[in-house]
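Remarks on the structure that follows.
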Amino acid sequence: MPTNERENSHIAPWLQSLWSNLDFQNLPNAILLHGQSGIGKFAFAVELAKALLCEGSQTNKRPCNQCEACHWFNTGNHPDFIPLVPETHRKLLPHADYEGDEAPKKGRAARDDGDGATSEKKEKKNISIEETRTAIEGLSIGSHRGGNRIILIYPLEMLRSDSANTLLKSLEEPPPNTIFLLLVDRVLPTIRSRCRLLTAPRPDRQLGLSWLKGRVQDIPGLNIADSDIETIYDEQGGAPYSVLESLVARHNKDEKDELTISIQASRYLLQSMSQGARINWLDAAEKINKARYSFLLATMQRWVSDLQSVAQGGNPRYYPKHMSTLQNLSKNANLAKLLNFWKSLTQARRHENHPLANRIQLEALLSQYQQLFSS
Ligand SMILES: [Zn+2]
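Numbering (our numbering), first residue to last: 2 to 376.
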């Protein structure tokens with residue numbers, strides 16, 4: 002639709018009010034943005050960085066997308082934008098070709114100083130020590146374009162402890178015109194005291210889903226039924242960005258069939274567990290054992306987690322649609338057994354990657370589930 006809509010779409014609708022409450026005239030040197038993983042914090046921070054670097058009309062708090070600075074930013078070349086992110090997250094930065102087929106690494110590869118040897122999988126999940134050191138050393142020099150300089154660190158948890166200590170020192174005596182945008186899923190007290198805290202809220206289900214369905218429609222070839230999107234959305238705890246990412250990843254890897262099998266199996270599993278004491282666990286295990294084991298375990302964990310919170314008078318987080326079923330089941334469930342079952346599931350998840358006999362393990366877990374409701 003309208004181009005304005007498109008331009009603003011970098012910020013998820015449920016984060017718009019967080020944005021409009023920002024006082025651009027009076028921003029602190031360090032902002033700690035926290036909130037559940039997968040709800041759009043990263044996209045929010047990238048847009049904020051761009052707005053802070055924009056050299057266009059400053060009356061509008063949005064980046065103008067017209068000026069030289071915005072152009073540099075959009076092409077991934079702004080010298081005063083210093084993203085410290087693991088290899089695995091580079092594809093989300095500006096100019097990275099994350100919807101196309103090209104290798105996503107290309108985006109910020111120039112920052113690597115030719116350090117191509119550290120391609121170990123483990124390394125990729127950490128923020129490079131080398132890059133962090135270079136960035137912090139560079140702080141003593143003024144910004145390249147004479148305006149702000151933005152250092153975006155995500156996820157903060159992936160900064161190694163020696164890097165984190167150097168960072169803490171810079172936060173104590175922040176260089177002029179430098180703004181740190183730090184993103185975390187959970188807040189660390191040592192960092193918190195030196196930053197302004199911004200809390201990114203989780204979207205309500207309706208809003209998150211409508212946003213997600215819009216995104217899915219925008220991706221050519223990604224044909225997923227709305228009801229399937231809803232199932233996956235609930236499965237992943239209402240984090241739209243995570244859902245979108247996994248849908249796109251699976252689509253690209255051509256794992257559509259596997260995904261379909263897993264969704265169907267997960268539905269069957271939920272239906273079966275809704276039966277409580279009447280669950281036919283042999284039949285259920287037989288019907289679902291072709292699906293990915295980890296997917297099924299996650300479904301069970303979410304269901305049991307909802308069952309626990311409903312039993313204690315709370316609300317279901319994952320399956321609000323099944324509130325009445327959960328209420329009925331929780332009346333007959335033995336709480337001590339429920340806790341034990343939870344432990345069994347946690348145990349099973351530790352070994353989910355080498356399931357020797359899915360079906361037998363599923364049978365064992367589901368028969369244990371049935372026992373929850375026998376007095
Ligand atoms: Zn601009």
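Beta carbons are placed, not taken as given, at the ideal position from N, Cα and C, and that holds for glycine.
(message) Suppose the cutoff is 7 Å on Cβ atoms and the five residues either side in sequence are ignored; what does the same chain contact list for Val244 look like?
(response) Closer than 7 Å at the Cβ level, and outside the excluded window around Val244, lie Leu213, Ile233, Tyr234 and Gln237.
(message) Tell me which residues pass a beta-carbon proximity test against ligand 1: closer than 7 Å to any heavy atom, given in chain order.
(response) Here the residues come out as Cys55, Glu56, Gly57, Pro64, Cys65, Asn66, Gln67, Cys68, Ala70 and Cys71.
(message) At the level of alpha carbons, what is the spacing between Trp20 and Ser228?
(response) Whole-angstrom Cα-Cα distance: 31 Å.
(request) Taking only the alpha-carbon atoms, compute the straight-line gap between Pro84 and Val249 and give it to the nearest angstrom. (result) When only Cα atoms are considered, Pro84 and Val249 end up about 24 Å apart.
(request) Measure the Cβ-Cβ separation of Ser162 and Ile137 and say whether it is below 9 Å. (result) It is not a contact, given that the beta carbons lie outside the stated cut-off.
(message) In this structure, how does DSSP classify Ile264 when only helix, strand and coil are distinguished?
(response) Of the three classes helix, strand and coil, the one that applies to Ile264 here is helix, per DSSP.
(request) Go through its chain and collect everything with a Cβ distance to Cys196's Cβ below 8 Å, but skip five positions before and after it. (result) Within its own chain, the residues whose Cβ lies closer than 8 Å to the Cβ of Cys196, once the five positions on either side in sequence are excluded, are Pro29, Ala31, Ile32, Leu33, Leu172, Phe181 and Leu183, listed in chain order.
(request) Along the beta strand (DSSP E) that carries His35, what are the first and last residues, could you check? (result) Per DSSP, His35 belongs to the beta strand (DSSP E) from Ala31 to His35.
(request) Could you tell me which residues DSSP pairs with Leu153 in its beta bridges? (result) Leu153 pairs with Pro84 and Leu182.
(message) At the level of alpha carbons, what is the spacing between Lys42 and Asp284?
(response) Linking Lys42 to Asp284 through their CA atoms gives a straight-line distance of about 42 Å.
(message) Using C-beta distances below 7 Å, list every residue in its chain close to Asn359, excluding the 5 sequence neighbours before and after it, in chain order.
(response) Asn290 and Tyr294.
(message) Suppose you measure from the CA of Arg193 to the CA of Asn178; what does that come to, to the nearest Å?
(response) Their backbone Cα atoms lie some 20 Å apart in a straight line.
(message) For the structure I just gave you, are there three or more beta carbon pairs, one from the segment 147 to 156 and one from the segment 45 to 62, closer than 8 Å?
(response) Yes: the two stretches touch, three or more of their Cβ pairs being nearer than 8 Å.
(message) Could you check whether Ser375 and Ala399 sit closer than 9 Å to each other, using their CB atoms as the reference points?
(response) Look at the range of the chain in this structure, 2 to 376, and you will see that residue 399 is not part of it.
(request) Quick one: grab the DSSP three-state call for Thr200. (result) Thr200: strand per DSSP, three-state reduction.
(request) Can you tell me the Cβ-Cβ gap for Asp81 and Ser144, rounded? I've got them flagged as a contact below 8 Å. (result) Their Cβ separation, rounded to whole angstroms, is 5 Å, which keeps Asp81 and Ser144 in contact under 8 Å.
(request) Assign Asp258 to buried or exposed, taking buried as 16 or more other Cβ atoms, counted over all protein chains shown, within 10 Å of its Cβ. (result) With fewer than 16 other Cβ atoms inside 10 Å of its own Cβ, Asp258 counts as exposed.
(request) Give me the Cα-Cα distance between Leu199 and Arg134, rounded to the nearest whole angstrom. (result) Going by the C-alpha atoms only, they are around 26 Å apart.
(message) Here's the rule I'm using: 16 or more other beta-carbon atoms within 10 Å means buried, otherwise exposed. How should Asn149 be labelled?
(response) Buried, because 16 or more other Cβ atoms sit within 10 Å of the Cβ of Asn149.
(message) Give me the residue from Glu158, Ser306, Ala13 and Leu140 with the minimum Cα distance to Glu174.
(response) Per the Cα distances, Leu140.
(message) What does the Cβ neighbour count give for Ile12, buried or exposed, with the cut at 16 atoms within 10 Å?
(response) With 16 or more other Cβ atoms within 10 Å, it is buried.
(request) Whole angstroms is fine: what's the gap from Val217's alpha carbon to Ser267's? (result) Straight-line Cα distance between these residues: approximately 21 Å.
(message) Give me the residue from Gly77, Leu366, Leu23 and Leu169 with the minimum Cα distance to Met377.
(response) This structure does not reach residue 377, given that the chain is present from 2 up to 376, and the question cannot be answered.
(message) I need the DSSP call for Asp24, collapsed to helix, strand or coil.
(response) Correct three-state label for Asp24: coil.
(message) Here's the rule I'm using: 16 or more other beta-carbon atoms within 10 Å means buried, otherwise exposed. How should Glu287 be labelled?
(response) Result: exposed.
(message) Taking a contact to mean a Cβ-Cβ separation below 9 Å, would you say Trp15 touches Gly209 in this structure?
(response) Yes.
(request) Using the Cα positions of His35 and Gln362, report the straight-line distance between them to the nearest angstrom. (result) Rounded to the nearest angstrom, the two C-alpha atoms are 37 Å apart.
(message) For Asp235, report the span of its alpha helix (DSSP H) as first-last.
(response) Element bounds for Asp235: Asp227 to Glu236.
(message) Rounding to the nearest angstrom, what Cα-Cα distance links Ile142 and Gly314 in this structure?
(response) If I take the Cα positions, the gap works out to 57 Å.
(message) Buried or exposed, going by whether 16 or more other CB atoms sit within 10 Å of the CB of Gln309?
(response) Gln309 should be labelled buried.
(message) Could you compute how far the alpha carbon of His252 sits from the alpha carbon of Glu246?
(response) Straight-line Cα distance between these residues: approximately 10 Å.
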